[in-house]
Amino acid sequence: MSTKDRKYRAHWYDGLTEGISMLIPYRKNKVYHTMQAKRARTGYLFVLPFILGFLLFMLKPLVESLQMSFSKVTLIPGAGYDKPWAGLLNYEYAFGVDPYFNQYLVEEISRMAINTIATLVLSFVVAVILNQKFKGRTLARAIFFLPVILSSGVLPGIESQNEFYNMMEGVAEAVANSSGVNLSAALQDLLSVSGVGSGVFDVIFQMIDAIYDIVMASGIQIIVFLSGLQSISPSLYEAADVEGCSAWEAFWKITFPMVSPLLLVNCIYTIIDFFMKNDNRVMERINEVMYKQAKFGEASAMSWIYFGVAIAFIGISSFIISKAVKTANE
292 MSTKDRKYRA HWYDGLTEGI SMLIPYRKNK VYHTMQAKRA RTGYLFVLPF ILGFLLFMLK
352 PLVESLQMSF SKVTLIPGAG YDKPWAGLLN YEYAFGVDPY FNQYLVEEIS RMAINTIATL
412 VLSFVVAVIL NQKFKGRTLA RAIFFLPVIL SSGVLPGIES QNEFYNMMEG VAEAVANSSG
472 VNLSAALQDL LSVSGVGSGV FDVIFQMIDA IYDIVMASGI QIIVFLSGLQ SISPSLYEAA
532 DVEGCSAWEA FWKITFPMVS PLLLVNCIYT IIDFFMKNDN RVMERINEVM YKQAKFGEAS
592 AMSWIYFGVA IAFIGISSFI ISKAVKTANE
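Everything in the sequence shown is counted per the working numbering, starting at 292 for the first residue and increasing by one.
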């Protein structure tokens with residue numbers, strides 16, 4: 292074992308020991324009485340309902356779903372279902388037989404990457420603006436939080452099932468098509484003729500087309516960034532002003548480094564939120580295979596593939612952002 296591996300294992304062991312010591316009260320345990328330990332225990336209390344709910348209601352279905360993904364599930368009328376072992380057959384079906392799963396997976400991954408970046412940038416810019424002092428700031432903050440309420444599970448269902456809404460949406464599309472002018476497409480063609488790289492503008496126009504979804508998904512991120520901005524001591528900006536720093540320099544030297552750790556939190560939340568959206572085509576395909584075609588094993592395999600992709604992207608994003616946060620704080 293190399294010296295680097297020994298140091299890594301020792302650091303991991305010390306961290307685990309300290310984490311356990313925060314929860315064990317006895318007289319000689321100095322870690323338990325520290326402020327950091329008290330804050331950690333408060334955090335555990337907030338997370339405890341989710342942990343209990345997961346163990347009581349979600350753990351068993353999760354294990355059964357994993358078993359189904361490696362089994363050939365057959366429904367038996369009046370007697371439940373039979374699930375003999377099938378190995379990787381269901382995963383081979385998801386990747387090699389299903390005509391839509393791979394296509395939808397690639398499309399949603401690319402859309403997720405673009406929307407995540409756009410959501411983080413938009414939420415950070417809006418949080419910086421809302422952190423300024425101006426009249427009607429409370430009302431403006433409430434307005435930007437409305438997307439969190441409007442994007443809840445009830446209202447999108449009402450929106451999609453409302454006949455009047457669907458009729459008005461159809462009328463709006465008909466009016467737009469009757470004009471014969473697609474501003475987005477026309478501007479894209481103009482930029483491509485002018486010699487500007489089309490790949491970059493493809494991404495930009497995808498963001499423009501998805502601006503409604505991006506705004507609707509940015510409410511929580513705005514609040515998280517806003518809380519981080521409000522925790523910055525005004526004395527830091529006063530000292531920077533005395534030293535002659537401009538507003539731009541203060542932003543990159545004080546604001547961004549202090550808020551950058553929250554990028555990781557918002558990035559993870561945004562990725563998970565996107566992968567669980569109602570209009571996600573991969574989720575729609577999984578539901579179709581499960582409920583319409585009654586292929587429970589194949590649908591379970593697709594679900595676990597999708598889960599693995601989400602975890603992989605969270606891991607990659609966490610690694611990249613952690614490096615960026617460390618660099619910014621240095």
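We put the beta carbon where it would ideally sit given N, CA and C, even for glycine.
Closest Cα partner of residue i within the set the options
| i | options | result |
| --- | --- | --- |
| residue 547 | 377, 418, 396 | 418 |
| residue 423 | 358, 408, 525, 364 | 525 |
| residue 502 | 407, 584, 363, 345 | 407 |
| residue 506 | 565, 360, 555, 316 | 565 |
| residue 522 | 340, 512, 539, 550 | 550 |
| residue 327 | 517, 313, 514, 339 | 313 |
| residue 571 | 385, 399, 357 | 399 |
| residue 579 | 568, 392, 615 | 392 |
| residue 561 | 431, 410, 535 | 410 |
| residue 416 | 517, 403, 582 | 517 |
| residue 584 | 597, 380, 389 | 389 |
Where the beta strand (DSSP E) through residue i begins and ends
| i | result |
| --- | --- |
| residue 325 | Unbroken run through residue 325: none, as it is neither H nor E. |
| residue 365 | 365–367 |
| residue 389 | Note, residue 389: premise wrong, no beta strand (DSSP E); not H, not E. |
Continuous alpha helix (DSSP H) stretch holding residue i: start and end
| i | result |
| --- | --- |
| residue 504 | 502–507 |
| residue 530 | 525–533 |
| residue 356 | 350–360 |
| residue 577 | 572–578 |
| residue 381 | 380–383 |
DSSP state of residue i mapped onto helix, strand, coil
| i | result |
| --- | --- |
| residue 373 | strand |
| residue 308 | helix |
| residue 551 | coil |
| residue 522 | coil |
| residue 537 | coil |
| residue 588 | helix |
| residue 425 | coil |
| residue 316 | coil |
| residue 403 | helix |
| residue 321 | coil |
| residue 583 | helix |
| residue 614 | helix |
| residue 544 | helix |
| residue 602 | helix |
| residue 593 | helix |
C-beta contact flag for residue i and residue j at 8 Å
| i | j | result |
| --- | --- | --- |
| residue 595 | residue 360 | yes |
| residue 603 | residue 563 | no |
| residue 593 | residue 385 | yes |
| residue 435 | residue 513 | yes |
| residue 509 | residue 414 | yes |
| residue 428 | residue 421 | yes |
| residue 616 | residue 555 | yes |
| residue 519 | residue 553 | yes |
| residue 323 | residue 315 | yes |
Three or more C-beta pairs below 8 Å linking the region 368–380 and the region 572–583: Segments in contact, no.
Touching by the beta-carbon criterion (3+ pairs, under 8 Å), the region 536–547 and the region 604–616: Counting Cβ pairs under 8 Å, fewer than three are found: no touch.
Three CB pairs or more closer than 8 Å across the region 347–366 and the region 585–592: Yes: the two stretches touch, three or more of their Cβ pairs being nearer than 8 Å.
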